[in-house]
Structures are given as C-alpha cells and as structure tokens.
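Undergrad:
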Amino acid sequence: MNKLDSTLDDVQNTRFSNIYHDLIKQAPKTTQFSELEVQSILLVYHKFVLANGPKAKYMTRKQFNNLFLVLFKIYDLQIIERILSLITTDLKKDVDPLAWVKLFSVFMSKKLDQKMKFAFRIYNPANTGYLTREIVTFAVEKFFMGEDEDEVNELRSDMLELLFKKFDQDRDGAISYEEYAAVVTKNPMLLEFLGQCFPRVDESRQLVGDRRSYSKMNKLDSTLDDVQNTRFSNIYHDLIKQMAKTTQFSEMEVQSILLVYHKFVLANGPKAKTMTKKQFNNLFLVLFKIYDLQIIERILSLITSDLNKDVLPIAWVKLFSVFMASKLEQKIKFTFQIYNGANTGFLTRDVVTFAVEKFFMGEDEDEVNELRSDMLEVLFKKFDIDRDGAISYEEYAAVVIKEPMLLEFLGQCFPNVDGMTVIAYCTNILSQIQFAKSTIDDK
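All letters in the sequence shown, in the order written, are residues 1 to 443 by full-length UniProt numbering.
Structure below.
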C-alpha cells in the first residue's frame with residue numbers, strides 16, 4: 001500500500017487497506033475496474049473522508065455536491081440530486097464508498113448503452129419510461145436566460161419543437177427510452193440533450209496529484225524498465241522543464257502527459273521519434289470519440305506549424321494544455337478558431353449551415369432539411385446578437401460565458417469523460433488521483 005499513495009504514511013496506508021480491503025476485492029467483480037483502479041478511486045474518496053476529521057467514515061452530501069459544482073462544473077442541483085439517488089439507497093445519509101465506486105463505474109464507462117440508461121433515468125425522475133412535454137419544457141427553460149423575455153420564450157419554444165421533432169419519432173407527445181436511445185446511438189453528442197450529467201475531460205486535471213518527486217522515474221511508470229525510463233528522461237528532460245514554465249502543468253504532470261506520447265512513439269518501432277498523424281487521428285476517432293475529421297484537422301493545425309509532418313511532443317503538450325484548461329476564456333478562443341477555419345473573425349451563415357447539416361441525418365429528406373433549417377434559425381437567434389447575419393467572436397464569447405454548455409455548439413472539439421482513460425494510461429496518474437482545493441477560474 002505504501003507504493004499506492006506517497007501522500008499517506010505507512011500507518012494511514014495500512015488503515016486504508018483495512019477499511020476498504022473487502023470492497024477492493026468485491027468491486028472488480030461487478031465493475032470494469034481492476035483492483036488497482038478501485039484502490040485509486042477509493043483513495044480519492046478516503047481523502048474526502050479524512051477532511052472530515054479523524055473519526056469520520058464517510059463523504060458528506062455537501063462534499064459530493066461541491067465536487068459537482070466546483071470540479072465537474074455540473075451546476076444543475078436537481079441533476080446532482082438525481083445522480084446521487086441513482087447510486088445510493090438513502091438520500092438522507094452520507095455518501096458511502098460503494099456509491100462512490102458506482103459513480104465512477106458509470107462516468108468512466110465506455111459503453112454508450114450504460115450511459116444512455118443512466119442519463120435517461122436522470123431526466124425521468126418519476127421512472128415512467130417517458131419524457132413528457134412538461135419535463136422537456138422544464139429542462140429547456142434552463143437553456144435560455146436573458147432580459148428580453150419575448151426573445152427568451154421564443155428561443156425556448158423553438159428549441160422545444162426542435163427536440164420533439166428529433167426525438168418523438170412516433171409523434172405521441174412523449175419521448176420514450178427507446179426513441180431516445182435510437183437517436184443517441186446514431187448521434188452520441190445528443191446523450192445529454194436535457195442537461196449535463198457527466199464531467200468533461202478538463203476536470204481530469206483536478207484528478208491528477210501534484211507530486212514533485214521528479215527524480216524517481218522508476219515510480220513514474222512501472223511498465224518501463226530502468227533503461228527505458230532513463231531514455232525517456234534523456235529525450236524529454238528539457239521539454240519537461242520548458243513546458244512546466246509555459247503551461248499550467250507541474251513537471252510531474254508534463255512527464256505523465258509525455259509518457260502517453262512516448263508510448264505512441266514506441267509503437268512505431270525502436271528508431272521512431274514522433275507520433276504519426278494517423279495515430280493522432282485514431283486517438284480522436286477511437287478514444288476521444290470525436291468523429292468530425294475536419295475538426296480534428298483544425299485542432300492539429302492549431303497546435304503544430306506543419307500539417308504535413310508528424311506530431312511533435314510540444315504539440316502534444318499544447319493539446320492537453322487546452323483540453324485540461326480551467327479557464328473558460330482559453331477554451332472559447334480555441335473552439336472559435338476551430339469553427340472559423342478561414343480565420344475571418346466571423347462565423348458566416350454558410351459556415352454554420354455546413355456544421356448544422358452534420359447534426360441531422362435520415363431517410364426522410366424533407367424532415368431532415370426542416371430540422372436543419374429550424375436549428376439554423378435557433379442558433380442565429382441565440383448568437384447573432386446584432387442581427388448582421390454573422391456571429392462574431394465577441395458575440396460567441398458573450399453567449400458562452402453566460403451558458404458554458406454552448407461552447408461546442410457547432411460540433412464536439414473536446415473529449416468527454418471517456419478521454420480520461422488517456423490520462424489513466426500512466427499508472428502514476430491514476431494512483432495520484434486526489435481532489436485538491438479548487439483553483440478554477442471560469443472567467
């Protein structure tokens with residue numbers, strides 16, 4: 001146990017082992033996690049417990065809520081309450097360790113079916129099997145806020161009709177689980193169509209501990225032998241020092257990020273020095289589940305100077321610097337640059353139309369075109385504040401600052417929580433999971 005977490009002394013590690021031993025053995029049988037991963041997840045839980053005093057045994061509901069509000073950036077208290085109700089049997093009691101493991105089992109699941117069932121149950125608190133018009137209306141009301149009541153109500157009404165056109169396939173005035181699942185299976189980006197239920201990948205940085213034992217490379221990654229660890233250190237030593245000064249990462253965090261990169265390089269043969277573009281694209285397609293090749297190409301163009309060459313390690317660190325940024329402004333600038341491929345400073349109607357066309361597919365061409373047209377009008381009503389027929393960066397930023405969920409309104413640019421598995425690729429990161437006091441600055 002002393003090797004699992006260096007922030008706990010031998011006595012604390014032994015106590016941790018005694019308390020959670022049975023659950024660590026039990027949970028791998030009912031979840032996708034190994035014993036080491038369950039240990040690491042429970043270490044996070046245990047540190048919350050320690051914060052409550054030497055005699056504490058559980059995480060409090062207040063800690064659970066604050067975790068979602070501050071770190072996961074899920075602000076809907078009703079959704080947080082529903083999540084808690086789905087993983088625990090008694091909402092009046094504290095959060096037990098089994099519930100904590102259940103939570104991460106869903107959050108880190110690679111099975112879309114499991115996530116769909118979880119999200120639908122969150123949206124359907126009465127467990128009727130249907131999302132009524134009243135439920136959807138209540139959710140949509142939270143999407144649009146503003147001083148112009150007429151405009152806000154019009155936007156809500158338009159979005160409500162758009163969602164029912166998309167999801168209510170039998171036109172009976174309610175959305176069944178089967179209808180929801182059919183739509184989301186075809187378009188996974190619509191999984192959280194009534195409000196965010198899962199953390200985004202940028203929250204993963206708060207899962208990474210800031211240990212500064214830089215000299216002990218053998219403990220950084222146990223899958224590399226001493227020779228390989230030494231070679232890694234020699235290759236990336238200068239870059240680790242440099243990027244720790246120019247990004248939000250500590251040296252340990254840069255090391256961990258570059259270890260992922262280095263393993264891609266190793267897969268290319270003993271003489272390889274860089275990650276290939278094919279590997280980069282496959283990472284987005286397979287792991288990050290970002291399927292728009294134009295968006296992937298634009299992301300690569302923003303972190304590297306030559307699209308014809310392989311992906312350099314500095315570009316890789318830059319990528320994670322944005323993906324794990326805690327400042328919303330940094331993400332807004334990056335996303336707008338992705339959408340604005342021509343670098344004009346404006347998103348024209350043609351640009352938005354082209355993006356919206358990818359949102360809706362189907363055999364009924366008339367219905368698809370109608371959905372696209374409706375969505376186009378909703379977006380311009382929302383973002384084109386001065387009604388000049390184009391969306392400027394300032395307009396986009398103003399809207400997203402008020403409603404951060406609209407950051408990726410023209411297509412996914414950032415990995416969802418599944419992308420955290422890239423970080424967990426390095427054992428040391430997984431074992432260093434902890435939730436330090438938040439320093440998040442959204443503005």
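All C-beta atoms, glycine included, are put in the ideal place defined by N, C-alpha and C.
If you're wondering where the values come from, they're calculated on a predicted model, not measured in any experiment.
Within the chosen definition, does the stretch 185-197 reach the stretch 111-125 through at least 3 CB pairs nearer than 8 Å?
TA: With the cut-off at 8 Å, the stretch 185-197 and the stretch 111-125 touch.
Undergrad: Would DSSP call Leu-69 helix, strand or coil?
TA: To locate residue 69, count along the sequence shown from 1; it is residue 69. Here Leu-69 sits in helix by DSSP.
Undergrad: Going by DSSP in three states, Asn-343 sits in which element: helix, strand or coil?
TA: Sequence index remark: in the sequence shown, residue 343 carries index 343 (1-based). Of the three classes helix, strand and coil, the one that applies to Asn-343 here is coil, per DSSP.
Undergrad: Do Tyr-58 and Asp-96 have their CB atoms nearer than 7 Å?
TA: As a first step, residue 58 must be located in the sequence shown, where it is residue number 58. As a first step, residue 96 must be located in the sequence shown, where it is residue number 96. Yes.
Undergrad: Select from Pro-54, Leu-71, Ala-56 and Ser-40 the residue whose C-alpha is nearest the C-alpha of Lys-327.
TA: Within the sequence shown, the letter at position 327 stands for residue 327. The residue with the shortest Cα to Cα distance from Lys-327 is Leu-71.
Undergrad: Short of 6 Å in beta carbon distance, which residues of its chain neighbour Phe-48, apart from the five on each side in sequence? Order them along the chain.
TA: Sequence index remark: in the sequence shown, residue 48 carries index 48 (1-based). Cβ within range, chain order: Met-59 and Gln-63.
Undergrad: Roughly how many angstroms separate the alpha carbons of Met-243 and Pro-28, rounded to a whole number?
TA: What you label residue 243 is simply residue 243 of the sequence shown in a count that begins at 1. What you label residue 28 is simply residue 28 of the sequence shown in a count that begins at 1. Using only the alpha carbons, I get a separation of about 37 Å.
Undergrad: Counting Cβ pairs closer than 8 Å, one from the stretch 283-295 and one from the stretch 327-337, do we hit at least three?
TA: With the cut-off at 8 Å, the stretch 283-295 and the stretch 327-337 do not touch.
Undergrad: Counting only the same chain and skipping the five closest in sequence on each side, list residues whose C-beta sits under 6 Å from that of Ile-391.
TA: On the sequence shown, residue 391 is found 391 positions in, with the first residue counted as 1. Cβ within range, chain order: Leu-347, Phe-383 and Asp-384.
Undergrad: Please look up how many angstroms separate the CB atoms of Leu-86 and Phe-118, rounded, as I've assumed it's under 8 Å.
TA: Locating residue 86 in the sequence shown gives position 86, counting from the first residue. Locating residue 118 in the sequence shown gives position 118, counting from the first residue. Contact flag correct, Cβ pair sits at about 7 Å.
Undergrad: May I ask you to report which of helix, strand or coil DSSP gives Thr-276?
TA: Here residue 276 corresponds to residue number 276 of the sequence shown, with the count starting at 1. DSSP places Thr-276 in coil when its eight states are reduced to three.
Undergrad: Apply the 10 Å Cβ neighbour rule to Thr-89 and answer buried if 16 or more other Cβ atoms are within range, or exposed otherwise.
TA: Here residue 89 is taken as the residue at index 89 of the sequence shown, counted from 1. The residue is exposed, with fewer than 16 neighbouring Cβ atoms inside 10 Å.
Undergrad: Measuring straight from C-alpha to C-alpha, what distance separates Leu-338 and Val-317?
TA: The sequence position of residue 338 within the sequence shown is 338, counting from 1. The sequence position of residue 317 within the sequence shown is 317, counting from 1. Note on identity: in this sequence residue 338 is Ile, with Leu being the wrong assignment. Approximately 18 Å between the Cα atoms of the pair.
Undergrad: Could you spell out the range, first to last residue, of the beta strand (DSSP E) harbouring Leu-131?
TA: Here residue 131 refers to the residue found at position 131 of the sequence shown. Counting along the chain, the beta strand (DSSP E) containing Leu-131 begins and ends at 130-132.
Undergrad: Near Lys-165, which residues of its chain fall below 8 Å by C-beta distance, leaving aside the five closest residues on each side in sequence?
TA: Looking up residue 165 in the sequence shown gives position 165. Answer for Lys-165: Glu-367, Glu-370, Leu-371 and Asp-374, listed in chain order.
Undergrad: Let me confirm a value: Gly-195 is counted as buried when at least 16 other C-beta atoms fall within 10 Å, else exposed. Which label applies?
TA: Sequence index remark: in the sequence shown, residue 195 carries index 195 (1-based). The residue in question, Gly-195, is buried, as its Cβ has 16 or more Cβ neighbours within 10 Å.
Undergrad: Is the distance from the Cβ of Leu-258 to the Cβ of Tyr-236 below 7 Å?
TA: Within the sequence shown, the letter at position 258 stands for residue 258. Within the sequence shown, the letter at position 236 stands for residue 236. Yes, the Cβ-Cβ distance between Leu-258 and Tyr-236 is below 7 Å.
Undergrad: Classify Asp-442 as buried or exposed, calling it buried when 16 or more other Cβ atoms lie within 10 Å of its own Cβ.
TA: Within the sequence shown, numbered from 1, the residue matching residue 442 stands at position 442. Its pLDDT being 41, under 50, Asp-442 is placed unreliably in this model, and the value from its coordinates should be taken loosely. Flag for Asp-442 reads exposed.
Undergrad: So, helix, strand or coil for Ile-240, using DSSP?
TA: Along the sequence shown, one-based indexing puts residue 240 at 240. Three-state result, Ile-240: helix.
Undergrad: Nearest to Lys-186 by alpha carbon, out of Phe-167, Ser-157, Asp-172 and Leu-283?
TA: Here residue 186 corresponds to residue number 186 of the sequence shown, with the count starting at 1. The shortest Cα separation from Lys-186 among Phe-167, Ser-157, Asp-172 and Leu-283 belongs to Phe-167.
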